[in-house]
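Numbering (the numbering used here), first residue to last: 58 to 335. To start, the structure itself, in structure tokens.
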Amino acid sequence: MILITGANGQLGYDFQRLFKSENIDFIATDVNDLDITDINKIREFVKDKNIDMIINCAAYNNVDKAEDEVEICTKLNTQAPYELSIVAREIGADFVTYSTDFVFDGTKNSPYTEEDIPNPLSVYGKTKLEGERKVLASYDRSFVIRTSWVFGVANNNFNKQVMNWSKSKDILSIVDDQISSPTYSKDLAYYSWELIKTKKYGLYHLSNGDEASKYDQAKYVLDKISWCGTLNPAKTSDFNLKAKRAPYTKLDSSKIEKIINKKIPNWKEGIDRFLAEL
Ligand SMILES: NC(=O)c1ccc[n+]([C@@H]2O[C@H](COP(=O)([O-])OP(=O)(O)OC[C@H]3O[C@@H](n4cnc5c(N)ncnc54)[C@H](OP(=O)(O)O)[C@@H]3O)[C@@H](O)[C@H]2O)c1
58 MILITGANGQ LGYDFQRLFK SENIDFIATD VNDLDITDIN KIREFVKDKN IDMIINCAAY
118 NNVDKAEDEV EICTKLNTQA PYELSIVARE IGADFVTYST DFVFDGTKNS PYTEEDIPNP
178 LSVYGKTKLE GERKVLASYD RSFVIRTSWV FGVANNNFNK QVMNWSKSKD ILSIVDDQIS
238 SPTYSKDLAY YSWELIKTKK YGLYHLSNGD EASKYDQAKY VLDKISWCGT LNPAKTSDFN
298 LKAKRAPYTK LDSSKIEKII NKKIPNWKEG IDRFLAEL
């Protein structure tokens, strides 16, 4: 039996869809059923349920708010994955959790591999990195999968935000100096699962193929929905953001691609399928 936490989020929802389609037994929980910041509740919850895998899709993802909400962000992104890994070890279950391209400072100009040295610029990135390190040090049957710019049909994301703005605005300004890769949560769930089945535990990068700036991503979505307004390129410094952003954080997914012997589709193709599904 697989336990999914944060199951109402983008990735959690797509894991549910994947497991339903493959007839795999799972228990889907979100904060109202299982608050992952309380290890005693987790211990109590997993009792007598024959759980052999925990997939943690819950997280604190508000990058700017995290600068002011350090405590709750640390609880969710550092302490909770660590405690979930402890419980997984206690019950002999595999453990899977997710991290982010925001662990890097963006000074590189080619895709980041798992060997590159992280240097997060924000509270969000720091708490995620600390979570990764604690999990990997605590339990050798853990997967830590870093991804970037997730979008899916459940919950909110940048694609949906752009589509909403397009309904009420004729002019949009989107930054062209943050580059990474949008990643479809359906692909993230599917290729993660391909990896998890190999039981080759460890740290991995998994994002859709090719690179994009936020401007490229917005332009692609707006063209697809035939928006008639004007899209202008902007700079990160034009906006008064609380958290510092890295200019370049594209993740190199070749380690996972080699292990599962499959090529991860590029982000434009992911957006096409996302729009078709909406
Ligand atoms: N979104 C991105 O762009 C992005 C980028 C890089 C990495 N990632 C990582 O990828 C993973 C999946 O992200 P996602 O976009 O699918 O996340 P998401 O859509 O924000 O979903 C997270 C889920 O966790 C739930 N949650 C919050 N606090 C909880 C708690 N105390 N106990 C249990 N559940 C709780 C949330 O519920 P509420 O909505 O009610 O709070 C939400 O349903 C995360 O580890 C994330 O950090 C995401």
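All residues carry an ideal CB built from backbone N, CA and C; glycine is no exception. Source: prediction; values computed, not measured.
Excluding five sequence neighbours on each side, which residues of the same chain lie with their C-beta closer than 6 Å to the C-beta of residue 124?
-> In the sequence shown, counting from the first residue as 1, residue 124 sits at position 67. Counting only Cβ-Cβ distances below 6 Å, and skipping sequence neighbours, we find 180, 299, 300.
Is there contact between the stretch 204-219 and the stretch 122-136, where contact requires at least three CB pairs shorter than 8 Å?
-> At 8 Å Cβ cutoff, the stretches do not touch.
Own chain partners of residue 66 with C-beta closer than 6 Å, once the 5 adjacent residues on each side are dropped | Within the sequence shown, the letter at position 9 stands for residue 66. For residue 66, same chain residues with a beta-carbon under 6 Å away, outside a window of 5 residues either side, are 114, 212 in chain order.
Please determine if the stretch 177-197 and the stretch 226-233 are in contact, where contact requires at least 3 C-beta pairs separated by less than 8 Å.
-> Contact between the stretch 177-197 and the stretch 226-233 is absent, because fewer than three Cβ pairs lie under 8 Å.
The stretch 307-321 touching the stretch 239-251, judged by at least three CB pairs closer than 8 Å = Between the stretch 307-321 and the stretch 239-251, the count of Cβ pairs shorter than 8 Å is three or higher; the stretches touch.
If you run the structure through DSSP and keep just helix, strand and coil, what is residue 161?
-> Within the sequence shown, the letter at position 104 stands for residue 161. Reduced to three states, the DSSP call for residue 161 is coil.
Residue 265 beta carbon near ligand 1 (any heavy atom closer than 7 Å) = The sequence position of residue 265 within the sequence shown is 208, counting from 1. Result no, Cβ not under 7 Å from ligand 1.
Endpoints, the beta strand (DSSP E) within which residue 275 is located | Reading the sequence shown from its first residue, position 218 is the one you call residue 275. Residue 275 -> not in any beta strand (DSSP E); alpha helix (DSSP H) instead, spanning 271-281.
Are the beta-carbon atoms belonging to residue 237 and residue 268 less than 8 Å from one another?
-> The residue labelled residue 237 in the question sits at position 180 within the sequence shown. The residue labelled residue 268 in the question sits at position 211 within the sequence shown. Contact flag set, yes.
Start-to-end residues for the alpha helix (DSSP H) that takes in residue 331 = Taking the first residue of the sequence shown as 1, we reach residue 331 at position 274. Looking at the DSSP string, the run of the alpha helix (DSSP H) that includes residue 331 is 324-334.
Residues in its own chain within less than 8 Å of residue 100 by CB, not counting five upstream and five downstream?
-> Counted from its first residue, the sequence shown places residue 100 at position 43. 144, 147.
Where does residue 223 land, buried or exposed, given buried means 16+ other C-beta within 10 angstroms?
-> As a first step, residue 223 is located in the sequence shown; it is residue number 166 there, counting from the start. Taking every protein chain shown into account, the CB of residue 223 has 16 or more other CB atoms within 10 angstroms, so this residue is buried.
Taking just the CA atoms, how far does residue 149 sit from residue 94?
-> For the purposes of this step, residue 94 is taken as residue 37 along the sequence shown, with counting starting at 1. For the purposes of this step, residue 149 is taken as residue 92 along the sequence shown, with counting starting at 1. When only Cα atoms are considered, residue 94 and residue 149 end up about 20 Å apart.
Just tell me which of 59, 203, 284, 266 has its CA closest to the CA of residue 220.
-> Your numbering for residue 220 matches position 163 in the sequence shown. Of the residues 59, 203, 284, 266, the one whose Cα lies closest to the Cα of residue 220 is 284.
Output yes or no for whether 8 Å exceeds the beta carbon distance between residue 313 and residue 239.
-> For the purposes of this step, residue 313 is taken as residue 256 along the sequence shown, with counting starting at 1. For the purposes of this step, residue 239 is taken as residue 182 along the sequence shown, with counting starting at 1. Using a Cβ distance threshold of 8 Å, residue 313 and residue 239 do not count as a contacting pair.
What are the start and end residues of the beta strand (DSSP E) that includes residue 200?
-> Here residue 200 refers to the residue found at position 143 when the sequence shown is read from its first residue. It spans 199-204 - the beta strand (DSSP E) in which residue 200 sits, taken as one unbroken run.
CB of residue 78 to nearest heavy atom of ligand 1: below 7 Å?
-> Looking up residue 78 in the sequence shown gives position 21. For residue 78, the distance from the CB to the nearest heavy atom of ligand 1 is not below 7 Å.
Out of 185, 103, 110, 69, state which residue places its alpha-carbon closest to the alpha-carbon of residue 129.
-> Position 72 of the sequence shown holds residue 129. When only C-alpha atoms are compared, the closest one is 185.
Between which two residues does the beta strand (DSSP E) harbouring residue 182 extend?
-> One-based indexing of the sequence shown puts residue 182 at position 125. Boundaries around residue 182 are those of the alpha helix (DSSP H), 180-195, since no beta strand (DSSP E) includes it.
Counting only runs that start and end within the stretch 217-291, where is the alpha helix (DSSP H) found for 4 or more residues in a row?
-> Counting only runs of 4 or more, we get 242-253, 271-281.
Exposed unless 16 or more other CB atoms sit within 10 angstroms - verdict on residue 278 | Residue 278 sits at position 221 when you count from the first residue of the sequence shown. When all chains shown are included, residue 278 counts as buried.
Own chain, CB closer than 6 Å to residue 252, minus 5 neighbours either side, in chain order = If you number the sequence shown from 1, residue 252 lands on position 195. Answer for residue 252: 313, 317, listed in chain order.
Take residue 256 as the anchor and find which of 151, 75, 121, 137 has the nearest alpha-carbon.
-> Taking the sequence shown and counting its residues from 1, the one referred to as residue 256 is at position 199. Scanning 151, 75, 121, 137 for the CA closest to the CA of residue 256 turns up 151.
Please name the residue, chosen from 234, 225, 142, 87, that lies closest to residue 295 on a Cα-to-Cα basis.
-> Translated into the one-based positions of the sequence shown, residue 295 becomes position 238. The option with the nearest alpha carbon to residue 295 is 234.
List the whole-angstrom C-beta distance separating residue 82 from residue 112, where the pair is believed to meet the contact cut-off of C-beta under 8 Å.
-> For the purposes of this step, residue 82 is taken as residue 25 along the sequence shown, with counting starting at 1. For the purposes of this step, residue 112 is taken as residue 55 along the sequence shown, with counting starting at 1. Contact doesn't hold; Cβ gap of about 13 Å is too wide.
Quick one: does the C-beta of residue 114 sit closer than 7 Å to a heavy atom of ligand 1?
-> Position 57 of the sequence shown, counted from the start, is the residue given in the question as residue 114. Yes, since a heavy atom of ligand 1 falls inside the 7 Å radius drawn around the Cβ of residue 114.
Hey, how far is the Cα of residue 303 from the Cα of residue 254?
-> Within the sequence shown, numbered from 1, the residue matching residue 303 stands at position 246. Within the sequence shown, numbered from 1, the residue matching residue 254 stands at position 197. Rounded to whole angstroms, residue 303 and residue 254 show a C-alpha spacing of 33 Å.
Opening and closing residue of the beta strand (DSSP E) in which residue 61 lies = Along the sequence shown, read from residue 1 onward, the residue named residue 61 stands at position 4. Residues 59-62.
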